[in-house]
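Remarks on the structure that follows.
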Amino acid sequence: MTGLRRRRLGTSGPEVSIIGLGAMGMSDLYGPADEAESIATLHAAIDAGVNLIDTADFYGSGHNELLIGRALRERRRDEVVLSVKFGARRTPDGGFQAAPYDVSAAAVKDRLAYSLRRLGTDHIDIYRPSRLNPQVPIEETVGALLEMQQAGYIRHIGLSEVGADSIRRAAAVAPISDVQIEYSLLSRGPEATILPTLRELGIGLTAYGVLSRGLLSGHWSADRELPGTDFRARSPRFQSEHLAANLRLVDALGRVAQRLGATTSQVAIAWVAAQGEQIVPLVGARRRDRLTESLAAVDLVLDQDALDEIERAVPAGAASGQRYATPMMALLDSER
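Position 242 of the sequence shown, counting from 1, maps to 242 under the UniProt record's numbering, and the rest follow consecutively.
Next comes the structure, spelled out in structure tokens:
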């Protein structure tokens, strides 16, 4: 197995590859995916030294965990750090229930039991609520996670899309390895209070959406048609009134990438990784060619001149449109 540089997720978390793989798109929300290619991509990532794989029990209503479980039968489980989210609830037609996220103490144990079975493992390396429920104190959720950690079913406790106050409250109950949150050149919100809090408390950050769901890949075109099953068809940044403005930013980033001898996506990924040693970007590659392109970002060194040039191309706050539709934004503790 080829080695990738490693980073530790906070002072209490595991050592993981400098880039992780987010597996959501292999099962859900981005339109149809090829299952054989998905497993080949998972194998290629592990063989290349990617040891952090992120999923959720609600991705494809369990399909994503089953897919990863199948892939791991042909690789060594102990070489992989599995990060799993829970809390969202689905409907038989593939939709999401509008009810608040189920992150009660009872739900922690129930959802964990199913994830362990689907993944074919006796433990999950990082287990985390995907969102908070304002009716359930975070202390209750983290307390149940701590109980499961002490019982050996999970190794580390993570959080997702939480604000600074919630991070502090959670960390007072149990050590937190990392917070998973959207962070990219187009989503700079964590820089205000969340990143400083994480640095202060010694907590890592796993950044999802580093390519803004494909916008920053350099492969997106204004005339691309999206199937109804692709949630980007309803995402504000992909709507006509915002898309043109965002693609102008991507074009500017592409010119920087050309000067650096890299692709647009490689620059976007490298920029996230360059924001701190406690930050690990997750790439959502569904195919081996996209994975290969993304992993090459680890060899791209961005000096201060390059970082300044990137900042001029895509300044903080320049993105047009919210990262989620308004009802979904209201569910984000990180945006309060």
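Even glycine gets a Cβ: it sits at the ideal position worked out from N, Cα and C.
{"Check": "I'd like the span of the beta strand (DSSP E) that includes residue 38, first residue to last.", "Outcome": "Unbroken run through residue 38 is the alpha helix (DSSP H), 35-47; no beta strand (DSSP E)."}
{"Check": "So residue 86 and residue 27 are in contact, right, with Cβ under 8 Å, and what is the actual spacing, rounded?", "Outcome": "Incorrect: roughly 15 Å between the Cβ atoms, too far for contact."}
{"Check": "Starting from residue 242 and walking both ways along the alpha helix (DSSP H), at which residues does that stretch end?", "Outcome": "240-260"}
{"Check": "Hey, how far is the Cα of residue 315 from the Cα of residue 185?", "Outcome": "8 Å"}
{"Check": "So, helix, strand or coil for residue 63, using DSSP?", "Outcome": "helix"}
{"Check": "Whose C-alpha, out of 151, 170, 146, is nearest the C-alpha of residue 138?", "Outcome": "170"}
{"Check": "I need the DSSP call for residue 176, collapsed to helix, strand or coil.", "Outcome": "coil"}
{"Check": "Closer than 8 Å is the cut-off here; do at least three beta carbon pairs connect the region 189-200 with the region 257-273?", "Outcome": "no"}
{"Check": "Would you identify the three-state DSSP class for residue 206, choosing helix, strand or coil?", "Outcome": "strand"}
{"Check": "Return yes when the Cβ of residue 79 is within less than 8 Å of the Cβ of residue 46, no when it is not.", "Outcome": "yes"}
{"Check": "Which residue comes first and which comes last in the alpha helix (DSSP H) that contains residue 114?", "Outcome": "105-119"}
{"Check": "Taking all protein chains shown into account, do 16 or more other C-beta atoms lie within 10 angstroms of the C-beta of residue 241, making it buried, or fewer, making it exposed?", "Outcome": "exposed"}
{"Check": "Return the CA-CA distance between residue 118 and residue 53, expressed in angstroms with no decimal places.", "Outcome": "15 Å"}
{"Check": "Taking the continuous alpha helix (DSSP H) assigned at residue 288, which residues delimit it?", "Outcome": "288-295"}
{"Check": "Going by DSSP, what residue range makes up the alpha helix (DSSP H) through residue 145?", "Outcome": "138-150"}
{"Check": "In whole angstroms, what separates the C-alpha of residue 134 from that of residue 238?", "Outcome": "29 Å"}
{"Check": "Does any residue of chain E bring its CB to less than 8 Å from the CB of residue 239?", "Outcome": "Given the protein chain composition of this structure (a single chain), no chain E is represented."}
{"Check": "Taking Cβ to Cβ, would you say residue 268 is nearer than 8 Å to residue 302?", "Outcome": "no"}
{"Check": "Candidates 312, 219, 177, 223: which alpha carbon is nearest residue 293's?", "Outcome": "219"}
{"Check": "Per DSSP, what are the beta-bridge partners of residue 156 in this structure?", "Outcome": "126"}
{"Check": "Mapping the DSSP letters down to three states, classify residue 1 as helix, strand or coil.", "Outcome": "With a pLDDT of 35 at residue 1, under the threshold of 50, the modelled position of that residue is not reliable, and the figure given next carries that caveat. Three-state DSSP puts residue 1 in coil, outside helix and strand."}
{"Check": "Evaluate residue 96 with the Cβ neighbour count: other Cβ atoms within 10 Å of its Cβ, from every protein chain shown; 16 or more gives buried, anything less gives exposed.", "Outcome": "exposed"}
{"Check": "Once the 5 residues before and after residue 2 are set aside, which same chain residues still bring their CB inside 6 Å of it?", "Outcome": "Caution applies to residue 2, whose pLDDT of 49 falls short of 50 and renders its modelled position unreliable; the value that the coordinates give is listed next. Within the same chain, residue 2 has close Cβ partners 48, 49."}
{"Check": "Using only alpha-carbon positions, find the residue among 232, 114, 212, 158 that is nearest to residue 319.", "Outcome": "212"}
{"Check": "Report buried or exposed for residue 227, applying the criterion of at least 16 other Cβ atoms within 10 angstroms of its Cβ.", "Outcome": "exposed"}
{"Check": "Near residue 73, which residues of its chain fall below 8 Å by C-beta distance, leaving aside the five closest residues on each side in sequence?", "Outcome": "120"}
{"Check": "Can you tell me whether residue 330 is helix, strand or coil according to DSSP?", "Outcome": "coil"}
{"Check": "Using the Cα positions of residue 63 and residue 270, report the straight-line distance between them to the nearest angstrom.", "Outcome": "30 Å"}
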